[in-house]
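What follows is a set of notes on a single structure, which appears directly below.
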Amino acid sequence: MLRAMAGTFGIPPEQIERHNAERRAELEADHTHLGKQLARRGLDVERLTTAAQRFEVAVPSWGVGTGGTRFARFPGPGEPRDVWEKLDDCAAIHQLGRATPRVSLHIPWDEPEDPSALARFAKERGLAFDAMNSNTFQDFPGAKHSYKFGSLTHTDAAVRRQAIEHNLHVIRVGEKLGSRSITVWIGDGGNFPGQIHFRAALERYLESLRAIHAGLPAGWTLFLEHKVYEPALYSTVLNDWGTSYWCARELGDQVQCLVDLGHHAPTTNIELVVARLIQFGKLGGFHFNDSKHGDDDLDSGSIQPFQLFLVFNELVDAEQSRAARRDPRFAPAYMLDQSHNVTDPIESLLASAGELQRAFVQASLVDRDALARFQQSNDVLMAHRTLKRAFTTDVEPILAMARLRSGGAIDPIGAFRASGYRARKAEERPAVSSHRSGIV
Ligand SMILES: [Mn+2]
């Protein structure tokens, strides 16, 4: 269904200007004060504010709909019913937060009938497309073969061929949208010991990925996303970063590893995984979220903000010491991958983009010369405190000033609530009975 541009889209700019006018003087005072404090530490608040303005993370098309658990889903009023309405919500998020100019599409959940029309629609709203996501972890109407026992690693070559063809189709759609990458996550694995021959399944994975890789356009990147468990509960085929690294290396330069924070065992040291992949030249991107117990898909920075900071500490360190990395093109793709079950998805995505930006700016405060000296002299406590000093600095005035200077809202969630956007959408978008939703 090609929906005309019915109704109004976005937040009226004069509302954002009014919101900012009421807060600008206090923000300027806070920003100036923080600038003086940081100057005493040899840091330039203007440089940090500019860096915060440049920070970008993609939002997932499926993230603007209410998520759900395997038990229930509680839809919110005015939630988007199709990909056009999802882009409207993504545009509102970017309008207020100014950190999310790209959308990551999931095919076939958000399959556009006319990709060129969707690309124009997005451009009119100041948006572009990030990595494409293929889905071979569930069956869709009309499919000849079922993925019940696997997709790219299925024992039957015909099922593998169908899954390969789907990925090639997703790449073709992505080309029309201006995307430059595809993320492949599969649900393949086993629920019972003995069900799957571990090594044979991984060989089949590589063989299928080689076929997808052969159809990858020049300039594109293929991201491999690993996951330790779920939906397969005993074993998964691409279970961890080491396996992902080995496969990416086997497949070639256009293939990189993608780290979804929720796809690890609860005690995994994720910042160490990040450092390893940087060192080996294979860190391609992230799916950001947070968790307490497993793949919880909670909002980024909501449970373990220090872990998020430590991940960005590795990223900023790598950015600042180019010689330490093998890959000179180092520019990992950032995307949020969360499920919003009990909050307004727009508010959660605004908050999460802000949390990533915060972790990035805090990591930029780390005194790296001092840290290197403390590490060299084995001054453990001071090395740790050097990181903690950056982590405990309140950089909110930098984030708010970055938003203001980029044309966004000083307090994006406050501005969103005051705008009446959700109530307006609830009138324009009567609820539909069934709604595709999910999270990978
Ligand atoms: Mn993911």
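Quick note: the sequence shown uses my numbering, first residue 4, plus one each step.
Yeah, the Cβ is synthetic: ideal placement off N, Cα and C, and Gly gets one too.
For residue i, name the three-state secondary structure that DSSP assigns.
| i | result |
| --- | --- |
| Ala-61 | strand |
| Gln-365 | helix |
| Ala-131 | strand |
| Gly-222 | coil |
| Pro-16 | helix |
| Arg-105 | strand |
| Glu-228 | strand |
| Ile-185 | strand |
| Gly-441 | Confidence at Gly-441 is low in this model, with a pLDDT of 49, below 50, so its placement is unreliable and the value that follows should be read with caution. Gly-441 falls in the coil class under three-state DSSP. |
| Gly-417 | helix |
| Lys-151 | coil |
| Ala-412 | coil |
| Val-176 | helix |
| Ala-434 | coil |
| His-97 | helix |
| Asn-344 | coil |
| His-22 | helix |
| Arg-50 | helix |
| Glu-168 | helix |
| Gly-38 | helix |
| Pro-118 | helix |
| Ser-324 | coil |
| Glu-29 | helix |
| Asn-316 | helix |
| Thr-270 | coil |
| Pro-78 | coil |
| Ser-211 | helix |
| Phe-283 | coil |
| Ser-422 | helix |
| Val-383 | helix |
| Glu-399 | helix |
| Glu-233 | coil |
| Met-8 | With a pLDDT of 45 at Met-8, under the threshold of 50, the modelled position of this residue cannot be trusted, and the question is left open. |
| Thr-69 | coil |
| Gly-45 | coil |
| Phe-124 | helix |
| Arg-84 | coil |
Following a CB-centred definition, is residue i positioned closer than 7 Å to any heavy atom of ligand 1?
| i | result |
| --- | --- |
| Glu-228 | yes |
| His-290 | yes |
| Trp-244 | no |
| Asp-340 | yes |
| Asp-263 | yes |
| Trp-112 | no |
| Trp-188 | yes |
In the DSSP assignment, what are the bridge partners of residue i?
| i | result |
| --- | --- |
| Ile-110 | Ser-137 |
| Phe-448 | Only positions 4 to 443 of the chain appear in the structure, and residue 448 is not among them; the question remains open. |
| Leu-301 | Asp-293 |
| Ser-355 | Ser-355 pairs with nothing; no bridge assigned. |
| Ser-238 | Gly-193 |
Hey, is residue i's beta-carbon within less than 8 Å of any beta-carbon in chain C?
| i | result |
| --- | --- |
| Ile-174 | Given the protein chain composition of this structure (a single chain), no chain C is represented. |
Item to check | Validate contact between the stretch 236-251 and the stretch 188-198 using beta carbons, cut 8 Å, 3 pairs | outcome: Contact annotation: the stretch 236-251 touches the stretch 188-198, with at least three C-beta pairs closer than 8 Å.
Next on the checklist: Taking contact to mean 3 or more Cβ pairs, one atom from each stretch, closer than 8 Å, check whether the stretch 67-81 and the stretch 398-406 are in contact.
Outcome noted: No, because fewer than three Cβ pairs between the stretch 67-81 and the stretch 398-406 fall closer than 8 Å, the two stretches do not touch.
Checklist entry - Between the stretch 102-109 and the stretch 71-78, do three or more beta carbon pairs fall short of 8 Å? => result No contact exists between the stretch 102-109 and the stretch 71-78.
Checklist entry - Taking contact to mean at least 3 C-beta pairs separated by less than 8 Å, is the stretch 360-371 in contact with the stretch 385-404? => result Yes, they touch.
Next on the checklist: Is it the case that the stretch 246-256 contacts the stretch 196-211, given that we only count it when at least three CB pairs across the two stretches are under 8 Å?
Outcome noted: They touch, by the three-pair rule.
Checklist entry - Counting Cβ pairs closer than 8 Å, one from the stretch 223-231 and one from the stretch 264-280, do we hit at least three? => result With a cut-off of 8 Å, the stretch 264-280 and the stretch 223-231 count as touching, because enough Cβ pairs lie within range.
Item to check | Touching by the beta-carbon criterion (3+ pairs, under 8 Å), the stretch 414-429 and the stretch 375-388 | outcome: Cβ pair count under 8 Å is below three, so no.
Next on the checklist: Does the contact criterion of 3 or more C-beta pairs under 8 Å hold for the stretch 88-103 versus the stretch 117-132?
Outcome noted: Because the criterion of three Cβ pairs below 8 Å is met, the stretch 88-103 and the stretch 117-132 touch.
Checklist entry - Are at least three pairs of beta-carbons, each pair with one atom in the stretch 340-356 and one in the stretch 306-314, less than 8 Å apart? => result In short, these stretches do not touch, since the Cβ pair count stays below three.
Checklist entry - Counting pairs of Cβ atoms below 8 Å between the stretch 40-52 and the stretch 338-353, do you hit three or more? => result Flag = no, the stretch 40-52 and the stretch 338-353 do not touch.
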